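*Asks:* Counting in our numbering, the first sequence runs from 256 upward without gaps. One structure coming up, written as structure tokens, with questions to follow.
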Amino acid sequence: MIEKISVADARRESAVGRRVMIEGWVRTRRDSKAGFSFLEVNDGSCFGNVQILVEQGLANYETEVLRLTAGASVRVVGNVQASPGKGQATELAAEEVMVYGFADPEHYPLQKKRHSLEFLRQIAHLRPRTNTIGAAMRVRNAISFSLHRFFQERGFLYVHTPIITASDCEGAGEMFQVTTLNLVDTPRIDGKVDYSQDFFDRPSYLTVSGQLEAEAFACGLGKAYTFGPTFRAENSNTARHLAEFWMVEPEMAFCDLQGNMDLAEALLRQVFSEVLSGCGEDMAFFNQFLDPTTIETLDGIVAEPFERMTYTEAIRLLRNADRTFEFPVEWGVDLQSEHERYLTEEVVRKPVILCDYPRTIKPFYMRMNDDEATVRAMDVLVPKVGEIIGGSQREERLEVLEGRMKEQGLNPEDYWWYLDLRRYGTVPHAGFGLGLERVVQFVTGIANIREVIPFPRTPGNAEF
RNA sequence: UCCGCGGUAGCUCAAUGGUAGAGCGAGUGGCUGUUAACCACUAUGUUGCAGGUUCGAGUCCUGCCCGCGGAGCCA
């Protein structure tokens, strides 16, 4: 039985001398009239290809090997040997090349040339076969795994919060409605939709956040985190927004804002560190072709602590800035993209955690400070991407929380179960949300968020 | 959703209102332990869609669709 190994393993010098089988997709073929051809084969296990040396003596050399083009799938058996040529340590001297499937070069959309990322998006089912998307997806995978490890090592419980929710007022943006009602002949009572006939006997939606449910678990099991898809029906068309994206939301009982900031910083630094050590080849590619400062920036972040400052201090810096902003700055306004970029890219030149925001611009669940003007909110801002984490210490005082709900036009009765967490055995607790795609964007330097998720969902786009 | 720019060959892009081209890719032939291989030749097309102006529209006008950049919303 011949041993199958990955392309990644076949490219290592330690594989020299072994007789193995590899399977993958042809990237390119180069013929030599001296009587042999070179194939470049990739199987997704790593960034690089393995070079296959195919002699014309093979039975199917003329009939099949010479017809191999980019995109064809093959199985190759042969001996790994040190490569005399430049550019690769090893190569596979083929004894047998079996073709699983050809890819008609007249119609196969992926050519042996550079493609624009916009074009690749139109063939999202084939773009995993490209260098850039392949590398981005390996980095995304490494980040996901690293996030899980970070929380698991610290005793967090991975909790699967519901995708479908009936609370329509979480205040985190427009929601997608979920219904089994007949949309052509909708049942109505007094002109209004009769939701008693809907699947859940009430309006229901796709979740915009698992935070409230995660709080319930933290207030009983101590430390919990969610990691799953979330949905926003906002008609936003930017390089940083998706209608469906993945979010990590840790929540900790017996934790204040300080502990929350410490966790957020430790999380980012560990994840960046593990990507740098685990995805060297992919990161080298991004560093070379997208942004030559990427690796150096990440190294710097791993090496030194984040900057931390209060919202009030940030406003002071912005007002004293030697420049004019499109949006004027004064205490009480929410920070605009230009303000965040100025702080991260020009003032501190690394990630910065802002905290203690005005209560008027933050949601009801954030804990009020003693000054009653600010709440214990925190945002982690990074250069280029902007806000990558948003979180807070949660308001654990029942009366204060109810007051804040009313202040923001919410009905406390709709949140009866959330308020029960304060009514019975309340504890100080804190948590935050981290957008996975934003992290992948920041780590890889990929400008558009649609390139860091397998099949992007944006307004008017759900083809794949 | 708002502002700006764009949509021409498989891809990336040219074309003062007057016969639609180039590079890459593809095909054919040649050459070489090659490696974004190289050299020569060949074929690319409802110029996003629908109207309008004009002797004549890729080009000008109107509407719509899609994409990109910026903004808002946010993760």
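Every residue, glycine too, gets a C-beta built ideally from N, C-alpha and C. No experiment lies behind these values; they were computed from the predicted model shown.
Is GLY533 helix, strand or coil when you go by DSSP?
*Replies:* Reduced to three states, the DSSP call for GLY533 is helix.
*Asks:* How would you label ASP264, buried or exposed, when you count the other beta carbons within 10 angstroms and need 16 or more for buried?
*Replies:* Its Cβ being crowded by 16 or more others within 10 Å, ASP264 is buried.
*Asks:* Does DSSP put TYR363 in a helix, a strand or coil?
*Replies:* Correct three-state label for TYR363: coil.
*Asks:* Specify the secondary structure class of GLN306 as computed by DSSP and reduced to three states.
*Replies:* GLN306: strand per DSSP, three-state reduction.
*Asks:* What residues match up with PRO505 in a beta bridge as DSSP calls it?
*Replies:* According to DSSP, which records beta bridges pairwise, PRO505 is partnered with TYR480.
*Asks:* Do the CB positions of THR548 and PHE541 come within less than 8 Å of each other?
*Replies:* Not a contact, by the Cβ cut-off of 8 Å.
*Asks:* So, ALA498 versus PRO714, is the Cβ gap smaller than 8 Å?
*Replies:* Yes, the pair counts as a contact, with Cβ atoms nearer than the cut-off.
*Asks:* Report the residue ranges of all beta strand (DSSP E) runs contained in full by the segment 370–407; include only those spanning at least 3 residues, in chain order.
*Replies:* Fully enclosed beta strand (DSSP E) runs of 3 or longer: not present.
*Asks:* Using a threshold of 8 Å, state whether the C-beta atoms of GLU468 and PRO417 are closer than that.
*Replies:* Yes, the Cβ-Cβ distance between GLU468 and PRO417 is below 8 Å.
*Asks:* Within 10 angstroms of the Cβ of GLY272, are there 16 or more other Cβ atoms? Answer buried if so, exposed if not.
*Replies:* Flag for GLY272 reads exposed.
*Asks:* Measuring alpha carbon to alpha carbon, tell me which of GLY664, SER292, ALA391 ends up nearest VAL707.
*Replies:* Looking at the Cα atoms, ALA391 is the closest of the given residues.
*Asks:* What number of angstroms, rounded off, separates the C-alpha of ALA349 from the C-alpha of GLN343?
*Replies:* Each residue's alpha carbon lies about 16 Å from the other.
*Asks:* Looking at the structure shown, is TYR450 part of a helix, part of a strand, or coil, going by DSSP?
*Replies:* Helix, per DSSP.
*Asks:* Give every residue of the same chain whose Cβ lies closer than 6 Å to the Cβ of ASP286, excluding the five residues on either side of it in the sequence, and list them in chain order.
*Replies:* Contacts found: SER292.
*Asks:* Here's the rule: buried if 16 or more other CB atoms are within 10 angstroms of the residue's CB, otherwise exposed. What is ALA521?
*Replies:* Label assigned to ALA521: exposed.
*Asks:* Tell me the start and end of each unbroken alpha helix (DSSP H) in the segment 607–686 that is at least 4 residues and wholly inside, in chain order.
*Replies:* Runs found: 653–662, 671–678.
*Asks:* Give the straight-line distance between the Cα atoms of GLU692 and LEU438, rounded to the nearest whole angstrom.
*Replies:* The alpha-carbon atoms of GLU692 and LEU438 are separated by roughly 33 Å.
*Asks:* To the nearest angstrom, how far is the alpha carbon of MET353 from that of ALA327?
*Replies:* The alpha-carbon atoms of MET353 and ALA327 are separated by roughly 11 Å.
*Asks:* Please state whether DSSP places LEU313 in a helix, a strand or coil.
*Replies:* Looking at LEU313 - three-state DSSP - the assignment turns out to be coil, as it is neither helix nor strand.
*Asks:* From the DSSP output, which residues share a beta bridge with THR435?
*Replies:* Bridge partners of THR435: none, in fact.
*Asks:* Say whether the segment 275–286 touches the segment 314–330, bearing in mind that this needs 3 or more beta-carbon pairs closer than 8 Å, one atom from each stretch.
*Replies:* They touch, by the three-pair rule.
*Asks:* Between the alpha carbons of MET507 and ARG614, how many angstroms are there, rounded?
*Replies:* Approximately 22 Å between the Cα atoms of the pair.
*Asks:* Relative to the C-alpha of VAL309, which residue among ARG274, GLU346, ARG267 is closest?
*Replies:* Measuring from the Cα of VAL309, the nearest candidate turns out to be GLU346.
*Asks:* Under the DSSP definition of a beta bridge, which residues are partnered with ASP720?
*Replies:* Since the first and last residues shown for the chain are 256 and 719, residue 720 lies out of range.
*Asks:* Checking 8 Å against the spacing of the C-beta atoms, do VAL394 and VAL698 come in under that value?
*Replies:* Contact flag set, yes.
*Asks:* For a quick check, are the C-beta atoms of ASN386 and PHE302 less than 8 Å apart?
*Replies:* The answer is yes: Cβ separation under 8 Å.
*Asks:* Within the continuous beta strand (DSSP E) that includes ALA337, where are the two ends?
*Replies:* Segment 328–337, the beta strand (DSSP E) holding ALA337.
*Asks:* Check each candidate in ARG322, PRO339, ARG563, ASN315 and name the one with the smallest Cα separation from VAL602.
*Replies:* Nearest of ARG322, PRO339, ARG563, ASN315 to VAL602, Cα basis: ARG563.
*Asks:* By the three-class DSSP mapping on this structure, what secondary structure does GLY514 have?
*Replies:* Reduced to three states, the DSSP call for GLY514 is helix.
*Asks:* Who are LEU573's beta bridge partners in DSSP?
*Replies:* DSSP output for LEU573 lists no bridge partner at all.
*Asks:* For the alpha helix (DSSP H) containing GLY555, name the first residue and the last one.
*Replies:* Residues 549–558.
*Asks:* Assuming THR681 and GLU651 are in contact, meaning their beta carbons sit under 8 Å apart, how far apart are those beta carbons, in whole angstroms?
*Replies:* Rounded, the Cβ-Cβ distance is 5 Å, consistent with contact.
*Asks:* I need the DSSP call for PHE580, collapsed to helix, strand or coil.
*Replies:* Note: PHE580 maps to coil in three-state DSSP.
*Asks:* When the distance is taken between beta carbons, is ARG604 closer than 8 Å to LEU512?
*Replies:* Contact flag unset, no.
*Asks:* Assuming LEU523 contacts GLY700 under a Cβ cut-off of 8 Å, what Cβ separation, rounded to an integer in Å, is found between them?
*Replies:* That belief does not hold up - the Cβ atoms of LEU523 and GLY700 are roughly 16 Å apart, past 8 Å.
*Asks:* Taking the C-alpha atoms as reference points, what is the distance between VAL332 and LEU321?
*Replies:* Each residue's alpha carbon lies about 17 Å from the other.
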